[in-house]
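Peer 1:
2 protein chains.
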Amino acid sequence: MERSLIEAIAAELELTLRPSRRLVRGIGDDAAVVRSGGALCVTSVDAMVEGVHFRLDEDVERPIDVGWRALAGALSDLAAMGARAGEAYIALGVSPQGGETAALELMRGALELAAQAETTIAGGDVVASPVLSACVTVVGWAESESELLARDGARVGELVGVTGTLGGRPSRPLPRLREGQALARAGASAMIDISDGLAGDARQLGESSGVCLQVELERLPLAEGVIDWEQGATAGEDYELCFTAPPGARADVERLLREVGGAQATWIGTVTPAGPPGGPGAQGVSLRDPQGAEVPLRGFEHSW
Amino acid sequence: MERSLIEAIAAELELTLRPSRRLVRGIGDDAAVVRSGGALCVTSVDAMVEGVHFRLDEDVERPIDVGWRALAGALSDLAAMGARAGEAYIALGVSPQGGETAALELMRGALELAAQAETTIAGGDVVASPVLSACVTVVGWAESESELLARDGARVGELVGVTGTLGGRPSRPLPRLREGQALARAGASAMIDISDGLAGDARQLGESSGVCLQVELERLPLAEGVIDWEQGATAGEDYELCFTAPPGARADVERLLREVGGAQATWIGTVTPAGPPGGPGAQGVSLRDPQGAEVPLRGFEHSW
Numbered sequence: 004m005e006r007s008l009i010e011a012i013a014a015e016l017e018l019t020l021r022p023s024r025r026l027v028r029g030i031g032d033d034a035a036v037v038r039s040g041g042a043l044c045v046t047s048v049d050a051m052v053e054g055v056h057f058r059l060d061e062d063v064e065r066p067i068d069v070g071w072r073a074l075a076g077a078l079s080d081l082a083a084m085g086a087r088a089g090e091a092y093i094a095l096g097v098s099p100q101g102g103e104t105a106a107l108e109l110m111r112g113a114l115e116l117a118a119q120a121e122t123t124i125a126g127g128d129v130v131a132s133p134v135l136s137a138c139v140t141v142v143g144w145a146e147s148e149s150e151l152l153a154r155d156g157a158r159v160g161e162l163v164g165v166t167g168t169l170g171g172r173p174s175r176p177l178p179r180l181r182e183g184q185a186l187a188r189a190g191a192s193a194m195i196d197i198s199d200g201l202a203g204d205a206r207q208l209g210e211s212s213g214v215c216l217q218v219e220l221e222r223l224p225l226a227e228g229v230i231d232w233e234q235g236a237t238a239g240e241d242y243e244l245c246f247t248a249p250p251g252a253r254a255d256v257e258r259l260l261r262e263v264g265g266a267q268a269t270w271i272g273t274v275t276p277a278g279p280p281g282g283p284g285a286q287g288v289s290l291r292d293p294q295g296a297e298v299p300l301r302g303f304e305h306s307w
Numbered sequence: 004m005e006r007s008l009i010e011a012i013a014a015e016l017e018l019t020l021r022p023s024r025r026l027v028r029g030i031g032d033d034a035a036v037v038r039s040g041g042a043l044c045v046t047s048v049d050a051m052v053e054g055v056h057f058r059l060d061e062d063v064e065r066p067i068d069v070g071w072r073a074l075a076g077a078l079s080d081l082a083a084m085g086a087r088a089g090e091a092y093i094a095l096g097v098s099p100q101g102g103e104t105a106a107l108e109l110m111r112g113a114l115e116l117a118a119q120a121e122t123t124i125a126g127g128d129v130v131a132s133p134v135l136s137a138c139v140t141v142v143g144w145a146e147s148e149s150e151l152l153a154r155d156g157a158r159v160g161e162l163v164g165v166t167g168t169l170g171g172r173p174s175r176p177l178p179r180l181r182e183g184q185a186l187a188r189a190g191a192s193a194m195i196d197i198s199d200g201l202a203g204d205a206r207q208l209g210e211s212s213g214v215c216l217q218v219e220l221e222r223l224p225l226a227e228g229v230i231d232w233e234q235g236a237t238a239g240e241d242y243e244l245c246f247t248a249p250p251g252a253r254a255d256v257e258r259l260l261r262e263v264g265g266a267q268a269t270w271i272g273t274v275t276p277a278g279p280p281g282g283p284g285a286q287g288v289s290l291r292d293p294q295g296a297e298v299p300l301r302g303f304e305h306s307w
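Chains L and Z supply the protein sequences, listed in that same order. Per the numbering used here, residue 4 is the first one in the first sequence, and the count goes up by one each step. Per the numbering used here, residue 4 is the first one in the second sequence, and the count goes up by one each step.
(1) What residues of chain Z sit near alanine 49 of chain L, judged by a beta carbon separation below 8 Å?
(2) For the segment 44-75 of chain Z, enumerate the residues whose C-beta is nearer than 9 Å to any C-beta of chain L, in chain order.
(3) Please tell me whether alanine 35 of chain Z has its Cβ less than 7 Å away from any Cβ of chain L.
(4) State buried or exposed for glycine 98 of chain Z, treating a residue as buried only when at least 16 other CB atoms are found within 10 Å of its CB.
(5) Please name the residue in L:Ala252, L:Ala82, L:Gly112 whose C-alpha comes closest to that of arginine 179 of chain L.
(6) If you reduce the DSSP assignment to three classes, tell me which class glutamate 146 of chain L lands in.
(7) For valine 325 of chain Z, name the three-state secondary structure that DSSP assigns.
(8) Establish whether the CB of cysteine 215 of chain Z and some CB of chain L are separated by less than 7 Å.
(9) Should glutamate 10 of chain L be flagged as near chain Z, meaning a C-beta pair shorter than 7 Å?
(10) Can you give the Cα-Cα distance for cysteine 138 of chain Z and glycine 96 of chain L, rounded to whole angstroms?
(11) Is any beta-carbon of chain L found at less than 7 Å from that of glutamate 90 of chain Z?
(12) Is serine 192 of chain Z helix, strand or coil by DSSP?
(13) In whole angstroms, what is the alpha-carbon distance linking alanine 91 of chain Z and isoleucine 124 of chain Z?
(14) Helix, strand or coil for leucine 300 of chain Z? Go by DSSP, reduced to three states.
(15) Would you say threonine 2 of chain L lies against chain Z (beta-carbon separation less than 7 Å)?
(16) Alpha carbon to alpha carbon, how far is arginine 24 of chain Z from serine 147 of chain Z?
(17) Using the beta-carbon count (16 or more within 10 Å), is glycine 62 of chain L buried or exposed?
(18) Among Z:Leu26, Z:Val45, Z:Gly203, Z:Gly40, which has the Cα closest to the Cα of glutamate 240 of chain Z?
(19) Should threonine 104 of chain Z be labelled buried (16 or more other beta-carbon atoms within 10 Å of its own) or exposed?
(20) Across the segment 31-42 of chain L and the segment 151-170 of chain L, are there enough close Cβ pairs to call them in contact, namely three or more that are closer than 8 Å?
(21) Counting beta carbon pairs with one atom in the segment 167-185 of chain Z and one in the segment 259-272 of chain Z, are three or more of them shorter than 8 Å?
(22) Report the three-state DSSP secondary structure of alanine 93 of chain L (helix, strand or coil).
(23) Using a cut-off of 8 Å between C-beta atoms, extract the partners of serine 7 of chain Z located in chain B.
(24) What separation, rounded to the nearest whole angstrom, lies between the Cα atoms of arginine 111 of chain L and isoleucine 93 of chain L?
(25) Can you tell me whether DSSP reads leucine 59 of chain Z as helix, strand or coil?
(26) If you draw a straight line from the alpha carbon of threonine 343 of chain Z to that of glycine 251 of chain Z, how long is it in whole angstroms?
(27) Evaluate serine 306 of chain Z with the Cβ neighbour count: other Cβ atoms within 10 Å of its Cβ, from every protein chain shown; 16 or more gives buried, anything less gives exposed.
(28) Just to confirm, are proline 66 of chain L and glutamate 108 of chain L a CB contact at a threshold of 7 Å?
(29) Counting only Cβ pairs nearer than 9 Å, list the residues of chain L close to glutamate 150 of chain Z.
(30) Under 7 Å, Cβ to Cβ, is there at least one residue of chain L near glutamate 133 of chain Z?
(31) Is threonine 273 of chain Z helix, strand or coil by DSSP?
(32) Between glutamate 2 of chain Z and chain L, is the shortest Cβ-Cβ distance under 7 Å, so that the two count as touching?
(33) Check for me: the beta strand (DSSP E) holding serine 47 of chain Z runs from which residue to which?
(34) Should proline 176 of chain Z be labelled buried (16 or more other beta-carbon atoms within 10 Å of its own) or exposed?
(35) Can you find a C-beta in chain L that's less than 7 Å from the C-beta of methionine 110 of chain Z?
(36) Secondary structure at arginine 38 of chain Z, three-state DSSP: helix, strand or coil?
The following block contains the structure:
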């Protein structure tokens, strides 16, 4: 559903967009980039809705974890750009069922992550809503464009890496902000966060760059308890980073990630020219089993 | 409901807030202000939810007008600070009933206003939701703090003014961005936008400033077709500005508003010291009928 709507919106924006001297990057990347004074302002919005992105009935999830994840998802977009986190603004939808208690719990979860992620919650809105929801806008900062990565920078011959482990679906994921900045400094060429599963997000990176990311499934760093590649390649909400880097940057990537003391990188494949559309190795991603056969897996698709 | 929740959230924020060198103003004003490079970044979030802020059943409202008003409400917060509009980010909640059609219509309404209000829609999110909703984050810009107004600057002896007309509930209100900047330049001392009705919003301005705004109801500039003061003083979503200014700035206010070619100002009262709590002329606002009697009117209360 949403992809066609996003395409329709993007088309409307193309038609009506005012040329903006401030706008460095708009729709199509993890976050928008706007020039302000001497700095770059990097902004992303993530909404989470009860019944769609989380469930409170039968105690499947606690509002405090939902709040944490809502902020984590938005901050993860900043991490994927290599930006420093700055401020967050949270619009809370307060439901009749959960009431103020659930809404305040959700907010507490966001505040707990904010304290760990060097993020200031600087404002928001509170509205009534049929279900509990949170719309999180995060603003990050960078000094110059050269500090930031995009999805379209992957080049043939480069390596494909991911941070951390995949498929674990942690209830309180830590957005990879330090790692994102380290990867940008180390010379990574393109980056995306794995919020919708590696399969879908790596494909987006490959498509944006006009290449094919050849990923060897057996190399995926599966989280503890994850026993098959499919779960590792398709589980959403890992909030790890998938990136590409020239072979010459490999040592710097590994060293800088060690220095920031965060998640380590695993090299999972290489960038090749895109094959003919519809065939194996077409533009996007090609997930290969140990026999070299392409495995058709797709991730979630619900982000803009 | 929401006020107690907002207070609880503000208390949590107080407890956990990281000191931020960037944050110039946080929760408590129309928008947050963050320093970035040489500029100030002014941010506000407004959410609108079907069944709460608008109704689509029985064709009460069209999605295109809802989108316009959603953006107008957020931009109005920037206007009340005296900021220039910059970018908007819109998270759309797509309902089963309205589907993509209603969501795209809503987006079109926002785009139409964006084109008139010198605002670039730079990003957002699209999610499924039980009802149609829009969460709008707007970012405005200023060069220095002296360009911006807050709610807490009203002083005893000053005049109280409003822009435009009240009570009309226009379906496509124009946020008073030019007027807000002109009022700040002209020497206005405090400002708030009238999104929840003059009675409630002027009270907030008076409370933030620790004074009483004495408003003479017969001076209210009622919109065409509005026949009583009560409607003029309590109707929300006017998106006009209520401000205070020293008597010496009166001529400049009138001249600069004429020069920007927008809404004119009407002087509706004066700022007095706050009387004892609970009595007439207590801190906040005192709405007076032509006989000088205080009229108890309250506006909506659903913004943060």
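No residue lacks a Cβ here, since even glycine has one placed at the ideal position from N, Cα and C. Source: prediction; values computed, not measured.
Peer 2: From the atom records:
(1) The sequence given here has aspartate at residue 49 of chain L, not alanine. The contacting residues are Ala94, Asp128.
(2) Cys44, Thr46, Ser47, Val48, Asp49, Ala50, Met51, Val52, Glu53, Gly54, Val55, His56
(3) yes
(4) Per the sequence presented here, residue 98 of chain Z reads as serine, with glycine not at that position. Classification of serine 98 of chain Z: buried, given that the 10 Å Cβ count is 16 or more.
(5) L:Ala82
(6) coil
(7) Past the boundaries of the shown model lies residue 325 of chain Z; chain Z is included only from 4 to 307, so the question cannot be answered.
(8) no
(9) no
(10) 10 Å
(11) yes
(12) coil
(13) 5 Å
(14) coil
(15) Absent from the structure is residue 2 of chain L, since the part of chain L shown begins at 4 and ends at 307.
(16) 15 Å
(17) Looking at the sequence shown, residue 62 of chain L is not glycine but aspartate. The residue is exposed, with fewer than 16 neighbouring Cβ atoms inside 10 Å.
(18) Z:Gly203
(19) exposed
(20) yes
(21) yes
(22) The residue asked about is misnamed: residue 93 of chain L is isoleucine in this sequence, not alanine. In the structure shown, isoleucine 93 of chain L sits in a strand (DSSP, three-state: E or B).
(23) Reference to chain B is not applicable here, since the protein chains of this structure are L and Z.
(24) 12 Å
(25) coil
(26) Because chain Z spans 4 through 307 in this model, residue 343 of chain Z falls outside it and cannot be assessed.
(27) With a pLDDT of 40 at serine 306 of chain Z, under the threshold of 50, the modelled position of that residue is not reliable, and no figure is offered here.
(28) yes
(29) None at all; the shortest Cβ gap to chain L is about 13 Å.
(30) Correcting the residue identity first, residue 133 of chain Z is proline in this sequence and not glutamate. Closer than 7 Å to some Cβ of chain L, the Cβ of proline 133 of chain Z qualifies, so yes.
(31) strand
(32) Absent from the structure is residue 2 of chain Z, since the part of chain Z shown begins at 4 and ends at 307.
(33) 42-52
(34) buried
(35) yes
(36) strand
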